[in-house]
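*Asks:*
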Amino acid sequence: KTGASESILDLSSLKVSQLTVDTGASSTEITLPVNAGMTTASIKSGVSSVKIHVPAGVAAHITVQSGLSGINVDTTRFIKDGDNYVSADYATAVNKVDLSVEMGVGSVDIN
């Protein structure tokens, strides 16, 4: 949990099953785990810029709720399904993330 900050979190080599990030006015960059099996991640942010990197070989189910935010999700990897984005192989993937992002004002980039 942070307030006004700049954070770079590289979790790529860790076995993280649960991740909760809560930020205020900030810039946050997160690289998710590569070989953690199932990871559940919740990102909540106020006035901020958030970049989330889903490593190659990791499938994702992504839900984004935002107020006045620019949302940029790599739709070549994650197919839009209603209000969600999902990897084509999410159901069968060994390594995957269930990602929930809540934003107030700012920008979200997920690739």
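The sequence shown lines up with residues 622 to 732 when you count with this note's numbering. Each residue gets a CB set at the ideal place from its N, CA and C atoms; glycine is no exception.
What do you get for A677, buried or exposed, if any count of 16 or more other CB atoms within 10 angstroms of its CB means buried?
*Replies:* For this step, residue 677 is matched to residue 56 along the sequence shown. By the neighbour-count rule (16 or more Cβ atoms within 10 Å), A677 is not buried but exposed.
*Asks:* Taking only the alpha-carbon atoms, compute the straight-line gap between E627 and S647 and give it to the nearest angstrom.
*Replies:* Along the sequence shown, read from residue 1 onward, the residue named residue 627 stands at position 6. Along the sequence shown, read from residue 1 onward, the residue named residue 647 stands at position 26. C-alpha separation (whole angstroms): 6 Å.
*Asks:* For G703, count neighbouring Cβ atoms within 10 angstroms of its own Cβ and tell me buried if that reaches 16, exposed if not.
*Replies:* Counting from one through the sequence shown, the residue named residue 703 turns up at place 82. Looking at its Cβ environment, which holds fewer than 16 other Cβ atoms inside 10 Å, G703 is exposed.
*Asks:* Evaluate the contact criterion for the region 624-641 versus the region 687-700: three or more CB pairs, one atom per stretch, below 8 Å.
*Replies:* Cβ pair count under 8 Å is below three, so no.
*Asks:* What does a CB cutoff of less than 8 Å around G688 pick up in its chain, not counting 5 residues either side in sequence?
*Replies:* Here residue 688 corresponds to residue number 67 of the sequence shown, with the count starting at 1. Excluding residues within five positions, the ones whose Cβ falls inside 8 Å are M724, G725 and V726.
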